[in-house]
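Participant: Following this message is one structure expressed as structure tokens.
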Amino acid sequence: MNAVRRGLGNSLVQAFLVVVGLIWLTPLAGLFLSSLRSAEDTAKGGWWTVFTSPGQLSFDNYTALLGNSGITQAFWNTVLISVPTTALVVVVAALAGYAFAWLDFPGREPLFLLVVALLVVPVQIGLLPVAKLFGRLGLFGTIPGVVLFHVAYGLPFAVFLLRNYFAEMPKEMLEAARMDGGSEWCIFTRLVLPVGRPAIASLAIFQFLWVWNDMLVALLFADSSSQPLTVELQSQIRQFGSNIDVLAPGAFVSLIVPVAVFFAFQRHFVQGVMAGSVK
211 MNAVRRGLGN SLVQAFLVVV GLIWLTPLAG LFLSSLRSAE DTAKGGWWTV FTSPGQLSFD
271 NYTALLGNSG ITQAFWNTVL ISVPTTALVV VVAALAGYAF AWLDFPGREP LFLLVVALLV
331 VPVQIGLLPV AKLFGRLGLF GTIPGVVLFH VAYGLPFAVF LLRNYFAEMP KEMLEAARMD
391 GGSEWCIFTR LVLPVGRPAI ASLAIFQFLW VWNDMLVALL FADSSSQPLT VELQSQIRQF
451 GSNIDVLAPG AFVSLIVPVA VFFAFQRHFV QGVMAGSVK
């Protein structure tokens with residue numbers, strides 16, 4: 211009887227999760243179907259009409275999208291901003307997190323408290339001062355300028371997260387590696403990084419999603435030649451208003467990339483969440 215109840219309970223939970231998943235995927239499916247319809251079909255009815263009139267579907271919008279130089283350039287700008295930012299934040303945060311967790315150096319605790327204090331500083335406070343600084347350095351309106359701003363504001367949380375994760379590793383494991391003659395660099399690369407891979411993967415996913423979907427920082431720090439996809443789509447709306455045949459496929463491309471990244475690394479993400487929940 212208990213087995214039947216457990217089986218029924220698991221079935222109900224699975225059914226509920228399926229329903230939640232379908233609800234979550236509905237806007238994505240709607241956007242994709244809208245991106246395959248012409249502007250005339252979109253003006254006549256909603257995207258669900260494709261189920262009764264499948265002849266509306268066509269990849270002409272994506273062909274036109276590839277011919278839109280502003281959209282394609284903005285896509286590659288987004289890649290050039292998101293990928294280096296994520297890589298720099300993860301590498302620097304991993305090195306700093308290991309140092310704060312296991313290396314004894316003067317001022318370690320005050321420096322870490324300073325890093326924690328930076329977590330409460332809103333992004334909006336630094337926009338104007340950093341914009342003036344970048345203007346003097348010649349970085350304003352450039353992709354490196356946008357990358358540096360994202361790296362600076364992403365590091366405090368990243369260092370805090372990885373330091374706390376690395377600090378939970380067994381001390382005996384690191385001491386055994388040192389007794390075997392392992393250098394700090396060897397311990398970091400061959401022991402700490404593999405063990406901390408779930409947390410690092412989780413950090414990389416969050417950082418990539420945040421930078422990829424950002425518009426506030428890019429709207430201020432990027433010019434017309436370096437603006438990412440979010441800003442370009444917003445400008446397309448302002449310029450043309452009803453060009454859904456360009457905006458829908460552009461928005462879908464902007465959405466599907468972070469979704470693909472999340473599903474590609476979801477196993478590591480789940481491992482990081484589960485590891486953090488039991489420590």
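Numbering of the sequence shown is given in the numbering used here, commencing with residue 211 and proceeding in unit increments.
Even glycine gets a Cβ: it sits at the ideal position worked out from N, Cα and C.
#1: Starting from ASN278, follow the alpha helix (DSSP H) in both directions and report where the run begins and ends.
#2: For VAL441 and VAL469, I'd like the C-alpha separation in whole angstroms.
#3: How far does the alpha helix (DSSP H) with PRO468 in it extend, from its first residue to its last?
#4: Starting from TRP257, follow the alpha helix (DSSP H) in both directions and report where the run begins and ends.
#5: My guess is that THR295 and VAL357 are in contact by the Cβ rule of under 8 angstroms, so how many angstroms apart are they, rounded?
#6: Taking the alpha helix (DSSP H) that GLU378 falls in, what are its first and last residues?
#7: Please identify the residue among GLN334, ALA461, LEU267 and ALA239 whose C-alpha is closest to the C-alpha of HIS360.
#8: Say whether chain B places a C-beta atom closer than 8 angstroms to the C-beta of GLY231.
#9: Which two residues bound the contiguous alpha helix (DSSP H) that contains SER434?
#10: Less than 8 angstroms between the beta carbons of LEU443 and ALA458, yes or no?
#11: Under a Cβ-count criterion, where at least 16 other Cβ atoms within 10 Å of its own Cβ denotes burial, should LEU243 be classed as buried or exposed?
#12: If we count the other Cβ atoms within 10 Å of its Cβ and call it buried at 16 or more, is ASP526 buried or exposed?
#13: Measure the C-alpha to C-alpha separation of TRP257 and GLY240 and round it to an integer number of angstroms.
#14: What do you reckon, are the CB atoms on LEU413 and VAL300 nearer than 8 angstroms?
#15: Given this structure, state the Cα-to-Cα distance separating ASP455 from VAL331, to the nearest angstrom.
#16: Is ILE353 closer than 8 angstroms to LEU290 when the C-beta atoms are compared?
#17: Where does ARG247 land, buried or exposed, given buried means 16+ other C-beta within 10 angstroms?
#18: Within its chain, find whatever has a CB closer than 6 angstroms to the CB of GLN224; leave out the 5 residues flanking it on each side and keep chain order.
#19: When you compare the region 315-323 with the region 386-398, are there three or more beta-carbon pairs, one atom per stretch, that lie closer than 8 angstroms?
#20: Quick one: what's got a C-beta closer than 7 angstroms to ILE415's C-beta in the same chain, skipping five residues either side?
#21: In terms of residue numbering, what span does the alpha helix (DSSP H) encompassing LEU338 cover?
#22: So, with DSSP's three-state summary, where would you put GLY351?
#23: Going by beta carbon distance, what residues of the same chain come within less than 7 angstroms of THR252, once the five residues before and after it are set aside?
#24: Let's test the definition: count the other Cβ atoms within 10 Å of the Cβ of ASN220 and tell me whether it reaches 16, buried, or not, exposed.
#25: According to the neighbour-count rule (16 or more other Cβ atoms, all chains shown, within 10 Å of its Cβ), is ARG346 buried or exposed?
#26: Report the residue from ASN278, PRO339 and PRO366 whose alpha carbon sits nearest the alpha carbon of ALA303.
#27: Which of helix, strand or coil does DSSP assign to PHE269?
#28: Taking only three categories from DSSP, how would you classify GLY406?
#29: To which residues of the same chain is ALA327 closer than 8 angstroms at the C-beta, ignoring the five residues directly before and after it?
Facilitator: Taking the structure as given:
#1: ASN278 -> no alpha helix (DSSP H), and no H or E assigned at all.
#2: 19 angstroms
#3: 454-474
#4: First-last for TRP257: undefined, no H or E at that position.
#5: 5 angstroms
#6: Premise fails: GLU378 is in no alpha helix (DSSP H) and is neither H nor E.
#7: GLN334
#8: Here there is only one protein chain, and chain B is not present.
#9: First-last for SER434: undefined, no H or E at that position.
#10: no
#11: buried
#12: Residue 526 is absent from the structure shown; the chain starts at 211 and stops at 489.
#13: 6 angstroms
#14: yes
#15: 40 angstroms
#16: yes
#17: buried
#18: none
#19: no
#20: VAL471, PHE472, PHE475 and PHE479
#21: 333-347
#22: strand
#23: SER244 and ILE454
#24: exposed
#25: exposed
#26: PRO366
#27: coil
#28: coil
#29: none
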